[in-house]
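Student: In UniProt numbering, the protein residues as written are 1 to 147. A virtual CB, placed ideally from N, CA and C, is assigned to each residue, including glycine.
1) What separation, rounded to the nearest whole angstrom, lies between the Cα atoms of residue 41 and residue 121?
2) Given this structure, state the Cα-to-Cα distance separating residue 137 from residue 79, to the nearest angstrom.
3) Can you tell which of 21, 13, 128 has its C-alpha closest to the C-alpha of residue 109?
4) Does the structure place the segment 122-136 close enough to the segment 68-84 that three or more beta carbon pairs sit under 8 Å?
5) According to DSSP, is residue 4 part of a helix, a strand, or is it coil?
6) What does DSSP give as the partner residues of residue 76 in its beta bridges?
7) Do residue 37 and residue 86 come within 7 Å of each other at the CB atom, strictly closer than that value?
8) At which residues does the beta strand (DSSP E) containing residue 126 begin and terminate?
9) Looking at residue 124: is its Cβ nearer than 7 Å to the Cβ of residue 107?
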């Protein structure tokens with residue numbers, strides 16, 4: 001299937017949005033001491049917030065909800081946008097490897113540029129969103145693109 005320039009520009013805009021959200025935007029945490037850190041504790045901070053949701057205050061409630069939903073949704077459109085730009089479908093193993101490489105690259109660049117935390121929670125949530133996107137893309141591909 002061939003894509004027009006409008007569709008390719010839309011896909012490129014998605015990738016630019018990912019870059020802006022993950023690398024260019026300002027501090028997303030409420031704590032000032034998050035810079036140049038790595039978090040390898042699975043959901044420790046998020047569970048603390050969730051378990052104390054009613055007592056942590058509105059700003060933290062809003063932050064944790066946006067953090068979880070945003071990190072999950074960020075990579076849902078990844079495979080559709082990639083397919084539009086590359087115009088080639090990948091096998092499942094290669095697709096998962098490309099997804100994981102991109103997520104790890106974003107987290108690594110955030111850490112190297114001092115733009116955030118290398119966070120295992122973000123990796124897991126991004127990966128989950130990417131897998132949902134991969135399943136949705138495969139469904140759309142079989143139902144509409146192969147016809």
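Tutor: Walking through what the data contain:
1) 8 Å
2) 7 Å
3) 21
4) yes
5) coil
6) Residue 76 is not bridged to any residue.
7) no
8) Taken as a continuous stretch (DSSP letters only), residue 126 belongs to no beta strand (DSSP E), being part of the alpha helix (DSSP H) at 120-140.
9) no
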